[in-house]
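The structure appears right after this line, and notes come after that.
Number of protein chains: 4
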Amino acid sequence: MTLACGVDVGGTKIAGGVIDEDGTILEEHRVESPATDSEAIEDAIAGLVKELSSRHDIAAVGVGAAGYINKARSTVLFSPNLAWRDVDLKGELERRLDLPVVIENDANAAAWGEFRFGAGHDVDDLLLVTVGTGVGGGVVLDGELYRGAFGVGAEIGHMRVVPDGIVCGCGKKGCFEQYGSGSALVREARAAAAGGSPLSQPLLKLAGGDPLKITGPLITDAARDGDPFAIGQLAILGTWLGEGIASLTEVLDPAVVVIGGGVSEAGELLLAPVRAAFLPQLTAHEHRPILEIRKARLGNRAGLIGAADLARR
Amino acid sequence: MTLACGVDVGGTKIAGGVIDEDGTILEEHRVESPATDSEAIEDAIAGLVKELSSRHDIAAVGVGAAGYINKARSTVLFSPNLAWRDVDLKGELERRLDLPVVIENDANAAAWGEFRFGAGHDVDDLLLVTVGTGVGGGVVLDGELYRGAFGVGAEIGHMRVVPDGIVCGCGKKGCFEQYGSGSALVREARAAAAGGSPLSQPLLKLAGGDPLKITGPLITDAARDGDPFAIGQLAILGTWLGEGIASLTEVLDPAVVVIGGGVSEAGELLLAPVRAAFLPQLTAHEHRPILEIRKARLGNRAGLIGAADLARR
Amino acid sequence: MTLACGVDVGGTKIAGGVIDEDGTILEEHRVESPATDSEAIEDAIAGLVKELSSRHDIAAVGVGAAGYINKARSTVLFSPNLAWRDVDLKGELERRLDLPVVIENDANAAAWGEFRFGAGHDVDDLLLVTVGTGVGGGVVLDGELYRGAFGVGAEIGHMRVVPDGIVCGCGKKGCFEQYGSGSALVREARAAAAGGSPLSQPLLKLAGGDPLKITGPLITDAARDGDPFAIGQLAILGTWLGEGIASLTEVLDPAVVVIGGGVSEAGELLLAPVRAAFLPQLTAHEHRPILEIRKARLGNRAGLIGAADLARR
Amino acid sequence: MTLACGVDVGGTKIAGGVIDEDGTILEEHRVESPATDSEAIEDAIAGLVKELSSRHDIAAVGVGAAGYINKARSTVLFSPNLAWRDVDLKGELERRLDLPVVIENDANAAAWGEFRFGAGHDVDDLLLVTVGTGVGGGVVLDGELYRGAFGVGAEIGHMRVVPDGIVCGCGKKGCFEQYGSGSALVREARAAAAGGSPLSQPLLKLAGGDPLKITGPLITDAARDGDPFAIGQLAILGTWLGEGIASLTEVLDPAVVVIGGGVSEAGELLLAPVRAAFLPQLTAHEHRPILEIRKARLGNRAGLIGAADLARR
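This is the structure:
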């Protein structure tokens, strides 16, 4: 059985794992990410892979990273959280490792992971929506990862959903991720609590009276315990997600939408509002096959697993 | 050289043509469309094809129709302007014609036509945006027509661009085609003229003083003659289009966007504002390859030509 | 019984009448208004008064005019539709007539007329809202006409009701009269008809198919005949009026609001929605005395009658 | 010289003072306000007055209280923060005190105080705008306090300035005081800080990192020290105030607007933006006399002083 190494490069951590052909992680490590130093990250990735390959017979390496990867899957054109600008990461790593390397956008890699071994294993067409700090997306079409003409597609978090809306970190206004991300969830809950909304007071109390201590997991926990404000905030988030997914469905027509990312841990507290908002926003939904909306299965290891599998192909 | 017959079924007319392998139309006919009678349309299509095949050696028939076509390209699931609901149109026509038939969404067929013989002949990835009564879309990816999991993708006109926006014919609010179509252009110009906007008075005069006589071609003509209101109305339309195309580009990442449909006849009066609005709405555009926005080349025959070519494949 | 002459100076007509102490019009005349020539209007007013005084023993002259009148009731500071800018109209007319003259804002004069002889004859505190081309206002407090510190108060039509709203003729955005006037009624109905609103088609037919032939009286007539669109348009207008009157009531606390101006001819078709919208927009309405909303009684002669009565005092 | 006692009844404190004919406070006391017990407040007021009258020869008592006071100045119809509902407060206090008592709305009393002895002593027509927890108003016209037909006028904080705007404590949406009060200032600053606005971080640091510790005085202090966020927040508040005052000026036409309440302590940091926003929002401002906008002079004793003076008249 051929083994591959999957690497997930984030802003604070680099995770690496040895993955077999069934998507099983045989061994996994994490190291700090020296995010601001381009060469240091490359060294860190190479070190991680070398350590894993000292104990496993690895055939290829797949690296998932946030940002734009070129069509040839070799160069990081731009990464919002890391130092890379037009860096031939494939070349740099192959030089250090003497192994074939494939670079992929992290959400694309995660979509591939869920398609191969997770929530989309039974279909050919899938849209992954990751709900975390931002909103990421990955698309599988007819069993192939969708990469676009230049390799930079599926950036669904920057579809505009509100003209003249909330300013996004990217500089535009009204981007989907300003309404559908975990950051939006936290921002709105904190603002309500700090602005004096009476309904938010129990959650504020859970946060020790400090609005800045309100976090996504705290909201999810409170919602599970029945707190109406927390349930409502997840429902508002889910509504934005459902409406955005409807727009994406008009364009992409996937068979399954998989909701991943940290906030997807809220489960039905998030997914029920997503489904409720989705259907009425789908044109002529009584005359077309309706996709399924599912929770992701591979958690935060989808990228790792997907990247390794892409490298093996 | 293999010839194919292309048919474009509209709400008022059915057009049929004989197309060669270079996309050239050898002969073309149009008949009235008996839109409300499902069988009568099928008979009309068959009659048209029979007439053409009496004079040409036709190998296959491609039919483009507005609406949802199933993944197998055989059944019209739903057509907004025609009587078809879950009709096996391929079967009905093959029974009448004894020729292989392929059914395709009309905007998809037009996208294929522009890809093969028109404005996108030199690229592998293309998004066609047709600006007419509504806003239609067709996508070609890696040289293949993109059809989605259920065959109903690329319905870009129903992507929501304004929450709680203008009511659409589909029943939703804020659909792209309520802002980016020729109907939107005419609606806004008429409303301004009827509401007493001083700037609109010269255009109103051109329309004989009756706001209802303001049409898309009249606006385009006035704009060409330098009328500031008409130029402005096309610029507003172009801005909505450019902003919507930016959102679509985040998701689809095409190499070329082709603007077709009747309003594209306005040329640079429309395309210049589209381009001006597009770029600032594209996240991190300084770090990614930028697509080209081009005018369609095949006019209202793109669907005919594309459908024929699809049938031949 | 002392008689006085009342004059109402409009943009197209000048009306003059002889009024007795009971508010009865003994004789009335109208002449064209030479609106663009300041002196010519003064001559026309003087001619009209002289003719009336040749047959009646007139003690004083009251002139109502749209615009800002100074605190001393002598000078027209500014008139939007007439040529006067800082004109001592009282002096000009007294020189021509040898009679005491009082100048008053037209809506103020109308408010005084309704207070003395019309819908507000039984109360001490009244707000008149005139719904015509614009929205005008006049206020009577404790039995005295309210004139403000500089004589330019009660300009309720330019209270802002929508931030960044519709551009007003005055140059500001979102003024009350852009939502609560007869012009707003007509503008919206024409825009809906010209924009293709299906509901508006019967009214459009009544207008001979030309949206520009839709007028306020046509809408009122259609509403009386049960046309749902016309009824709805009057209800939308009435809602804006009721909401604006609620804001004015928070500030002014009148005992009676009188709705005048041409559109008030619609009667309960307008007043019922005004009342329905008013109450929920009044803070703590269950804890305060509630004013009455009444239709004006003196029609378009309220200004004439009021101006004459003010002159006599 | 006749002395009068002025009482200001707030939600947490009752202040009482002995005031001479020049508006000078000879002695002042404060006691806790038993806000939820109607009779206990009356006893507390009576006790306070008795103590003051034991040392001064008091001729009359004026009481200012938040809420609706009837036209006869005897009955509290409704008080949002106190227990009174239709209470004959004048009767209750005269029974306890054997002195003539006058009841007045607190902002009205403050307007009268500023008119007689403060920022409006030199004019006959004044609008007081108090910017504190809410937005209160008082109007003096031709040297008389404006009380409206039912005694409940000048409630400018509940004029609607944004349709479908922020929910107000009164149950309506979009009330002026949701945009122009100190509470609005604090709410917006806290929400920005809690929501992660980078610009707000220095202010958040001043608040010890806890958004809930951001207060009006903290914002004012930071603005005085040049903090751009704090300056900006005061400018946004001032803009809303200036725009609202423009609407009120269209209606009321005062000679002077006096800005009082706790936030007016910010001085020109607030008043400069008020003036800058006011003028462009005043229709035809180049054709009318322009009022002055001044800072209040009597601070939080304006109500006390005004109530006493009203009692003496």
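Chains as they are written, first to last, in my numbering: chain A, -8 to 304; chain B, -8 to 304; chain C, -8 to 304; chain D, -8 to 304.
Where is the CB? At the ideal position from N, CA and C, for every residue including glycine.
LEU203 (chain C) reaches chain B at ALA184, ALA185, GLY187, LEU195, GLY200, ASP201 and PRO202, counting residues in chain order whose Cβ is nearer than 9 Å. In the structure shown, the three-state DSSP call for GLY186 (chain B) is helix. For ARG181 (chain C), the C-beta contacts it makes with chain B under 7 Å involve ALA185 and GLY186, in order along the chain. Only those residues of the region 263 to 279 of chain B whose C-beta falls short of 9 Å from the nearest C-beta of chain A are listed: PRO271, GLN272, LEU273, THR274, ALA275, GLU277, HIS278 and ARG279. Within chain D, SER238, GLU241 and VAL242 have C-beta atoms less than 7 Å from the C-beta of MET150 (chain C), given in sequence order. Under the Cβ criterion of 7 Å, VAL0 (chain B) is not counted among the residues facing chain A. Contact annotation, GLY104 (chain B) with ALA246 (chain B): C-beta distance approximately 17 Å; criterion of less than 8 Å not satisfied.
Residues of the same chain with a CB within less than 8 Å of the CB of ILE10 (chain C), apart from the 5 flanking positions on each side, are LEU(-6), ALA(-5), CYS(-4), GLY(-3), ILE16, LEU17, LEU295, ILE296, ALA299 and ASP300 in chain order. Per DSSP, reduced to three states, the secondary structure at VAL40 (chain C) is helical. Boundaries of the beta strand (DSSP E) harbouring LYS286 (chain B): 283 to 286, taken from the DSSP string. SER70 (chain C) and GLY14 (chain D) have their C-alpha atoms spaced approximately 43 Å apart. Scanning the region 213 to 250 of chain C for uninterrupted beta strand (DSSP E) segments of 3 residues or longer gives nothing; none is fully contained. Residue contact check for ARG178 (chain D) against chain A: a CB pair falls below 7 Å.
Proximity of chain B to ILE147 (chain A) at the Cβ level (cut-off 8 Å) is accounted for by GLU241 and VAL242, in chain order.
Using a CB distance cut-off of 7 Å, LEU68 (chain A) counts as an interface residue toward chain B. Chain-ordered, the chain C residues with CB closer than 8 Å to the CB of LYS163 (chain D) read PRO271, GLN272 and THR274. At a cut-off of 7 Å between beta-carbon atoms, ASP11 (chain D) makes no contact with chain C. Taking the CA atoms as reference points, TYR137 (chain C) sits about 15 Å from VAL248 (chain C). Less than 7 Å divides the Cβ of ALA185 (chain C) from the Cβ of ALA185 (chain B). HIS20 (chain C) carries a strand assignment under DSSP once its states are collapsed to helix, strand and coil. Three or more Cβ pairs drawn from the region 76 to 83 of chain C and the region 51 to 65 of chain C lie within less than 8 Å of each other, which places the two stretches in contact. Rounded to whole angstroms, the gap between the alpha carbons of THR27 (chain C) and TRP75 (chain C) is 9 Å.
The beta strand (DSSP E) runs lying completely inside the region 103 to 144 of chain B and spanning 3 residues or more are 117 to 122 and 126 to 132, given in chain order. The straight-line gap separating the alpha-carbon atoms of ILE205 (chain A) and ARG181 (chain A) is approximately 6 Å.
Per the C-alpha coordinates, the member of B:PHE269, B:ILE60, B:ARG151 and B:GLY8 positioned closest to GLU42 (chain B) is B:GLY8. For GLY(-3) (chain D), the enclosing beta strand (DSSP E) stretches over residues -6 to 0. With a contact defined as Cβ atoms closer than 8 Å, ALA287 (chain B) and GLY251 (chain B) qualify at about 3 Å. In the DSSP annotation of this structure, the continuous segment of the alpha helix (DSSP H) that includes LYS81 (chain A) starts and ends at 80 to 88. Contact of GLU234 (chain C) with chain D by beta-carbon distance below 7 Å involves ARG151. Note on LYS4 (chain B): under 16 other CB atoms within 10 angstroms of its CB, so exposed under the neighbour-count rule. VAL158 (chain A) counts as exposed, since fewer than 16 other beta carbons sit within 10 angstroms of its beta carbon.
Following the DSSP letters along the chain, one finds LYS4 (chain A) in no alpha helix (DSSP H) but inside the beta strand (DSSP E) bounded by residues 4 to 10. In this structure PHE141 (chain D) is not in contact with ARG266 (chain C), their Cβ atoms being roughly 18 Å apart against a cut-off of 8 Å.
Between the C-alpha atoms of PRO219 (chain D) and LEU190 (chain D) there is a straight-line separation of about 8 Å.
Rounded to the nearest angstrom, the gap between the Cα atoms of GLU277 (chain A) and TYR170 (chain A) is 27 Å. Within the same chain, and ignoring the five residues on either side of ALA145 (chain D) in sequence, the residues whose Cβ sits closer than 6 Å to its Cβ are GLY128, GLY129 and VAL130.
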